[in-house]
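All remarks here apply to the structure that follows.
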Amino acid sequence: MSTPCAGSGRSRACGTLPPHHAQPRDPRRRRRDHGALRRLPRVRPLQLLPDHPRRTVAAVRRPSHRRAQGPLQPRLVSDPGGRPHDPDRHGTGPAAEGDAHRDHVGWNLTDAGGRWVPTFPKARYWVSTKDWEACHQPDVQPTRFPNAPTCVWPLADLGLVEFMKGEHALTRTLTAVPTPGHTPGHMSILVTSHGERALVLGDAAHSPVQLQEPDWVSRADMDPDLTRQTRRTLLDRVEREEIVVAAGHFEAPGFGRIVRLEGRRYWRGL
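Using my numbering, read the sequence shown as starting at 7 and increasing by one per residue.
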């Protein structure tokens with residue numbers, strides 16, 4: 007998303023962002039694409055994968071999308087000690103696709119000598135039924151899901167795809183929660199462990215400024231009205247239940263809480 011921080015109250019709202027969330031000479035907010043792989047005790051990994059830039063329309067049009075080219079595995083570590091991640095040993099369990107847009111599915115598959123193979127060969131890739139159907143629609147797929155033919159569809163041929171309808175328990179601690187609007191079947195992931203909860207936001211919000219301005223939408227939001235409705239409901243719940251948030255498109259580190267000061271919501275990073 008690129009939201010100009012000027013006019014119609016935007017200067018006021020964007021002025022509340024930390025400096026690293028805005029570009030000083032360009033009145034547009036910054037966006038990041040974070041990927042994460044997390045191992046939990048007795049719970050198989052959840053993979054939230056960034057885009058593979060060589061297989062997107064944006065890679066051709068935007069040089070910045072070419073910076074991260076190269077294989078994914080060498081960048082992953084399996085523990086705080088920095089030991090390399092072994093997808094054959096650790097990559098077992100649910101790979102949850104928050105939505106089927108290119109920045110969530112790009113590394114589902116890896117080019118192995120001209121054929122696509124799963125990056126995590128022992129994982130099951132969970133996709134919402136609504137997004138699966140949407141990324142097959144001829145009038146939608148080329149513009150909204152440009153890399154679906156190479157990054158999503160082959161999962162079915164490989165027998166690796168599972169479908170989610172509505173709220174779905176992936177494991178005892180991981181639950182996919184419907185947050186539609188950005189895509190028809192967009193899902194956020196609720197993590198519950200040791201009496202605490204965290205929400206992997208996905209694309210239900212792209213910037214901390216949307217905590218104060220929940221009606222601001224991205225051009226990537228396929229259904230703007232539903233996006234607004236979903237975001238308001240979700241933010242109310244997160245604030246009310248004091249849930250930790252993992253926001254993949256916020257500036258690093260992308261983990262924080264929603265706090266209220268003088269009647270307004272703010273992002274407080276952890």
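Think of the CB as a built atom: it goes at the ideal place given N, C-alpha and C, for glycine as much as any other residue.
Task: Unbroken alpha helix (DSSP H) run spanning tryptophan 138, endpoints - done: First-last of the alpha helix (DSSP H) with tryptophan 138: 135-140.
- [ ] Would you tell me roughly how many angstroms separate the C-alpha atoms of aspartate 105 and glycine 112, rounded to the nearest one?
- [x] 11 Å
TODO: Can you grab the Cα-Cα spacing for the pair glycine 120 / methionine 193, in whole Å?
DONE: 32 Å
Task: CA-to-CA distance, arginine 238 to arginine 263, given in whole angstroms - done: 16 Å
TODO: Quick one: using the 10 Å Cβ neighbour count with 16 as the cut-off for buried, is glycine 208 buried or exposed?
DONE: buried
TODO: Check whether the Cβ atoms of leucine 240 and alanine 210 sit closer than 8 Å, and answer yes or no.
DONE: yes
Task: Segments of 3+ residues assigned as beta strand (DSSP E) that fall wholly inside the stretch 250-274 - done: 250-252 and 261-267
Task: Extent of the continuous beta strand (DSSP E) run through proline 144 - done: It is not in any beta strand (DSSP E) - proline 144 carries neither H nor E in the DSSP assignment.
Task: Straight-line Cα distance separating alanine 118 from histidine 58 - done: For histidine 58, the predicted structure reports a pLDDT of 49, less than 50, and the residue's modelled location is therefore unreliable. The matter cannot be settled from this model.
Task: Close-in-space but distant-in-sequence residues of the same chain around aspartate 229 (CB under 6 Å, 5 per side omitted) - done: Gly187
TODO: Check whether the Cβ atoms of arginine 234 and aspartate 221 sit closer than 8 Å, and answer yes or no.
DONE: yes
Task: Separation of leucine 276 from glycine 13, as counted between CA atoms - done: Confidence at glycine 13 is low in this model, with a pLDDT of 43, below 50, so the placement of that residue should be treated as unreliable; the coordinate-derived value is given next. Between glycine 13 and leucine 276, the C-alpha separation is close to 31 Å.
- [ ] Along the beta strand (DSSP E) that carries valine 167, what are the first and last residues, could you check?
- [x] 167-170
TODO: Give the DSSP-derived three-state secondary structure of histidine 212 in the structure shown.
DONE: coil
Task: Range of the contiguous beta strand (DSSP E) that encloses leucine 239 - done: Correcting the residue type first, residue 239 is threonine in the shown sequence and not leucine. Where threonine 239 is concerned, there is no enclosing beta strand (DSSP E), although the alpha helix (DSSP H) it sits in stretches over 230-247.
TODO: From the DSSP output, in three-state form, read off alanine 106 for me.
DONE: coil
Task: Under 8 Å between C-beta atoms of tryptophan 132 and glutamate 103 - done: yes
Task: Nearest candidate by alpha-carbon position, reference glycine 191, set Ser213, Pro144, Gln218 and Thr236 - done: Restricting attention to Ser213, Pro144, Gln218 and Thr236, the CA atom closest to the CA of glycine 191 is found in Thr236.
Open item on the list: Short of 7 Å in beta carbon distance, which residues of its chain neighbour glycine 172, apart from the five on each side in sequence? Order them along the chain.
Closed with: Pro184
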